[in-house]
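Note that this note's numbering has the sequence shown beginning at 13, numbered continuously upward.
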Amino acid sequence: MIYDRDKVKADGIKQKGCGLPVSGILKEEGALPIMRNTCVLGGLCKVVGIKWAVLEDVLRKHIPSRLEQNLHVARRGYDSAVEFIQVEKLEL
């Protein structure tokens with residue numbers, strides 16, 4: 013579970029989770045509320061072991077609006093997360 017630790021208190025929850033300071037990141041970056049998704053996506057990619065370069069490439073191709081700000085928000089989410097799930101590499 014990935015959640016905004018600025019808004020959700022996870023005390024007493026037994027499942028593993030990754031709390032990101034999403035609200036704080038958005039405020040510091042002056043980002044739109046919808047960019048919360050980009051921040052969490054950055055954290056998710058880190059948690060499951062997806063390299064930053066892969067996410068950056070995807071964002072550059074698919075999110076042309078406010079690209080630089082989305083990249084900053086995603087990177088901050090990525091850097092705030094802790095990798096704790098190992099995913100086997102898929103053969104494509």
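We put the CB at the ideal spot given by N, CA and C, even for glycine. None of the values given here were measured: they were computed from a predicted structure.
A direct Cα-Cα distance of roughly 25 Å separates isoleucine 75 from valine 94. Spanning the alpha carbons of glycine 54 and cysteine 30 requires a straight line of approximately 12 Å. Where leucine 56 is concerned, the enclosing alpha helix (DSSP H) starts and stops at 48-59. DSSP places leucine 32 inside the beta strand (DSSP E), whose first and last residues are 30-32. The beta-carbon separation of isoleucine 14 and valine 59, rounded to 7 Å, stays under the 8 Å limit for a contact.
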